[in-house]
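J.: First residue of the sequence shown? That's 3 in my numbering, and the numbers climb one at a time after it.
A virtual CB, placed ideally from N, CA and C, is assigned to each residue, including glycine.
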Amino acid sequence: MRFSIAVLPGDGIGKEIMEAGVSVLKAAEEIVSGFELDFAHFDAGAEHHKRTGTALPEATFEACRSSDAIYLGAIGLPDVREFPGGPEVSGQVMFKLRFDLDLFAGVRPIKLYKGIDSPLRDMENIDFVVLRENIEGLFASYGGGTLVSDEVATDTMVITRKGTEKIVDMGFQLALKRGGRLLDQKRVVTCTDKSNVFRSMAFFNKVFHDVADRYEGQVERDHVLIDAMTLLMVQQPQNYDIIVTENQFGDIISDLAAALVGGMGMAPSGDIGHNHAMFQPAHGSAPTIAGKGIANPLATILSGSMMLDWLSDQHSCPEAKKAGELIEQAVARTVKRGVKTVDIGGTSTTAEVAENIIAQMKAHA
Ligand code: ATP
Ligand code: MG
């Protein structure tokens, strides 16, 4: 089976981490027979906007739409704005792809690998997924907020039944697929919101329970208010399996969750819809360390592993899943051996980490 992959390295460390990510995917394709990957590289992002006045050319968007999956590095630079004082141009890429390809689910696996120091003492068994609704919530206001006067500005939170059902259902499906990784092997979807205060959030919570009813007896449900969630995620992260939430809350707790397992360099993500998907590290372009060859490529490489898993499910191609698992196991082995970049306490370069992962894949294929 052949898959076309649109590669968008983007800005800052994007180029370096994507070089690492693509090299690992190419190695996986060589080692595991039964599938092939056709990579096509495209320019997009803040640097491209500086040169051409557009962050995502229409032709590149079309290429993304017609590819089997999108693999993205990092988009955006803090000083490149849509207009002075306005939002970063990264939104013109990220939100365009999320909204127009209906990538409604932000899937962010949070896993603590052996060899990574969590800032939490004596912590083991952190293995959960933050599932962020990706295209409505407070972000539905993107480009449409109102500067009412020189004194007041507003943005609107939008929660729809359809959008909420889609994300919550994906949460329950994901819980079934993961098969219960908590210590007691329960499958649990936890809804986190602010339903005690906001009408929109109470509605999100109601739709959550409507969907949960359909999984009665198969997957358990749980509910935690978002403020309590930031406490509990730090105190007892091992209690969570799938956490499903609104867009803005998901954005925030994703970074908190990443911190528990070694930081942004350890946090992969998928922006997933029913027909399209994009995979990228959860971090940004980290311009302060760009060009030095020291960025952590693991979030990107693990995103590549997620991409193979998604392609496998989408096209019934077990070989791609096998390749994705091989990558993840090689990441675990590499970290355990202490081959790590500076951000997670090592001294290795981006390229050294990628080379070691490829060597581990070859040794354990
Ligand atoms: P964005 O607005 O795009 O999310 P940000 O301002 O939140 O960007 P990030 O690029 O996500 O910034 O990163 C924040 C900091 O974390 C960076 O300055 C960098 O020091 C560190 N960081 C992020 N990604 C990596 C990585 N892959 N390797 C090493 N350090 C990283
Ligand atoms: Mg950020």
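Mind checking which residues open and close the alpha helix (DSSP H) that includes isoleucine 118?
T.: The residue labelled residue 118 in the question sits at position 116 within the sequence shown. No alpha helix (DSSP H) holds isoleucine 118; DSSP gives it neither H nor E.
J.: For proline 111 and threonine 156, I'd like the C-alpha separation in whole angstroms.
T.: Position 109 of the sequence shown, counting from 1, holds the residue named residue 111. Position 154 of the sequence shown, counting from 1, holds the residue named residue 156. Rounded to the nearest angstrom, the two C-alpha atoms are 32 angstroms apart.
J.: Helix, strand or coil, according to DSSP, for valine 221 in the structure here?
T.: Reading the sequence shown from its first residue, position 219 is the one you call residue 221. Looking at valine 221 - three-state DSSP - the assignment turns out to be coil, as it is neither helix nor strand.
J.: May I ask you to check if the CB of isoleucine 255 is nearer than 7 angstroms to at least one heavy atom of ligand 1?
T.: In the sequence shown, the residue the question calls residue 255 occupies position 253. Because no heavy atom of ligand 1 lies under 7 angstroms away, the Cβ of isoleucine 255 does not count as near it: no.
J.: When you compare the stretch 330-347 with the stretch 313-321, are there three or more beta-carbon pairs, one atom per stretch, that lie closer than 8 angstroms?
T.: No, they do not touch.
J.: Answer yes or no: do aspartate 273 and asparagine 358 have a C-beta to C-beta separation smaller than 8 angstroms?
T.: As a first step, residue 273 is located in the sequence shown; it is residue number 271 there, counting from the start. As a first step, residue 358 is located in the sequence shown; it is residue number 356 there, counting from the start. Taking 8 angstroms as the Cβ cut-off, aspartate 273 and asparagine 358 do not qualify as a contacting pair.
J.: Identify every residue that forms a DSSP beta bridge with aspartate 253.
T.: Start at 1 with the first residue of the sequence shown, and residue 253 comes out as number 251. BP columns for aspartate 253 are empty, so no partner.
J.: For a quick check, are the C-beta atoms of valine 221 and leucine 178 less than 8 angstroms apart?
T.: To locate residue 221, count along the sequence shown from 1; it is residue 219. To locate residue 178, count along the sequence shown from 1; it is residue 176. In contact: valine 221 and leucine 178 (Cβ atoms closer than 8 angstroms).
J.: Should asparagine 298 be counted as a contact of ligand 1 given a C-beta to heavy atom distance under 7 angstroms?
T.: Counting from 1 along the sequence shown, the entry for residue 298 is found at position 296. It does: the Cβ of asparagine 298 is within 7 angstroms (strictly closer) of some heavy atom of ligand 1.
J.: If you draw a straight line from the alpha carbon of phenylalanine 130 to that of threonine 192, how long is it in whole angstroms?
T.: As a first step, residue 130 must be located in the sequence shown, where it is residue number 128. As a first step, residue 192 must be located in the sequence shown, where it is residue number 190. Those two C-alpha atoms are separated by around 11 angstroms.
J.: Can you find the residues in the same chain that come closer than 7 angstroms, C-beta to C-beta, to isoleucine 15, ignoring five residues on each side of it along the sequence?
T.: Taking the first residue of the sequence shown as position 1, residue 15 is located at position 13. The residues are Ala76, Ser287, Ala288, Ile291, Ala292, Ala297.
J.: With a 10 Å radius around its C-beta and 16 neighbouring C-beta atoms as the bar for buried, classify asparagine 249 as buried or exposed.
T.: Translated into positions along the sequence shown, residue 249 becomes position 247. Per the 10 Å Cβ criterion, buried.
J.: Considering only the beta carbon of each residue, do leucine 133 and methionine 172 sit closer than 8 angstroms?
T.: Locating residue 133 in the sequence shown gives position 131, where the first residue counts as 1. Locating residue 172 in the sequence shown gives position 170, where the first residue counts as 1. Yes.
J.: What are the boundary residues of the alpha helix (DSSP H) that histidine 51 is part of?
T.: Locating residue 51 in the sequence shown gives position 49, counting from the first residue. Unbroken alpha helix (DSSP H) run through histidine 51: 48-54.
J.: Just confirm the distance between the C-beta atoms of methionine 280 and leucine 105, as a whole number of angstroms; I'd bet it's less than 8 angstroms.
T.: Working through the sequence shown from its first residue, we reach residue 280 at position 278. Working through the sequence shown from its first residue, we reach residue 105 at position 103. Confirmed, about 6 angstroms.
J.: State the start and end residues of the unbroken beta strand (DSSP E) segment that holds phenylalanine 206.
T.: For the purposes of this step, residue 206 is taken as residue 204 along the sequence shown, with counting starting at 1. Element bounds for phenylalanine 206: not the beta strand (DSSP E) but the alpha helix (DSSP H), 201-215.
J.: When you compare the stretch 7-22 with the stretch 348-357, are there three or more beta-carbon pairs, one atom per stretch, that lie closer than 8 angstroms?
T.: Yes: at least three Cβ pairs fall under 8 angstroms.
J.: Between the beta-carbon of valine 246 and the beta-carbon of isoleucine 161, is there less than 8 angstroms?
T.: For the purposes of this step, residue 246 is taken as residue 244 along the sequence shown, with counting starting at 1. For the purposes of this step, residue 161 is taken as residue 159 along the sequence shown, with counting starting at 1. Not in contact: valine 246 and isoleucine 161 (Cβ atoms no closer than 8 angstroms).
J.: Determine contact between the stretch 260-275 and the stretch 33-52, defined as no fewer than three beta-carbon pairs at a distance below 8 angstroms.
T.: In short, these stretches do not touch, since the Cβ pair count stays below three.
J.: List the endpoints of the continuous alpha helix (DSSP H) containing methionine 125.
T.: Position 123 of the sequence shown holds residue 125. Here methionine 125 belongs to no alpha helix (DSSP H), and DSSP marks it neither H nor E.
J.: So what does aspartate 273 bridge to, in DSSP terms?
T.: For the purposes of this step, residue 273 is taken as residue 271 along the sequence shown, with counting starting at 1. Answer is Gly108, Met280, bridged to aspartate 273.
J.: On the DSSP letters alone, give me the boundaries of the alpha helix (DSSP H) that serine 92 sits inside.
T.: Within the sequence shown, the letter at position 90 stands for residue 92. Note, serine 92: alpha helix (DSSP H), 92-102.
J.: Glycine 306 to lysine 323, Cα distance in whole Å?
T.: Stepping through the sequence shown from its first residue, residue 306 is reached at position 304. Stepping through the sequence shown from its first residue, residue 323 is reached at position 321. Cα-Cα distance, rounded: 11 angstroms.
J.: Quick check on DSSP: helix, strand or coil for glycine 88?
T.: Here the question's residue 88 lines up with position 86 in the sequence shown. Of the three classes helix, strand and coil, the one that applies to glycine 88 here is coil, per DSSP.
J.: Tell me, which residues are paired with isoleucine 72 by DSSP?
T.: Taking the sequence shown and counting its residues from 1, one reaches residue 72 at position 70. Partner(s): Ala8, Met280.
J.: Assuming alanine 261 contacts alanine 284 under a Cβ cut-off of 8 angstroms, what Cβ separation, rounded to an integer in Å, is found between them?
T.: Your numbering for residue 261 matches position 259 in the sequence shown. Your numbering for residue 284 matches position 282 in the sequence shown. Rounded, the Cβ-Cβ distance is 11 angstroms, inconsistent with contact.
J.: Is the beta carbon of glycine 78 within less than 7 angstroms of some heavy atom of ligand 1?
T.: Translated into the one-based positions of the sequence shown, residue 78 becomes position 76. Checking the Cβ of glycine 78 against ligand 1 gives yes.
J.: With distances taken Cα to Cα, identify the nearest neighbour of aspartate 40 among Asp124, Phe205, Ser6.
T.: Walking along the sequence shown from the start, residue 40 turns up at place 38. The residue with the shortest Cα to Cα distance from aspartate 40 is Ser6.
J.: Thinking just about the alpha-carbon of each residue, which of Ile303, Gly87, Asp45 is nearest to the one in methionine 28?
T.: Along the sequence shown, read from residue 1 onward, the residue named residue 28 stands at position 26. This sequence places lysine at residue 28; methionine is not what is there. For lysine 28, the nearest C-alpha among the options comes from Ile303.
J.: What residues are listed by DSSP as bridge partners for isoleucine 245?
T.: Locating residue 245 in the sequence shown gives position 243, where the first residue counts as 1. Looking at the DSSP assignment, isoleucine 245 forms a beta bridge with Val132, Thr192.
J.: Please go through the same chain and pick out, in chain order, the residues whose beta-carbon is closer than 7 angstroms to the beta-carbon of lysine 17, but skip the five residues on each side of it.
T.: Residue mapping note: residue 17 aligns to position 15 of the sequence shown, counting from 1. These residues qualify, in order along the chain: Pro11, Gly75.
J.: Residues in its own chain within less than 8 angstroms of leucine 328 by CB, not counting five upstream and five downstream?
T.: Here residue 328 corresponds to residue number 326 of the sequence shown, with the count starting at 1. These residues qualify, in order along the chain: Ala30, Ile33, Val34, Met363, His366, Ala367.
J.: Could you pull the start and end residues of the beta strand (DSSP E) that aspartate 40 belongs to?
T.: As a working note, residue 40 is residue 38 in the sequence shown. 38-43 is the span of the beta strand (DSSP E), which, as asked, contains aspartate 40.
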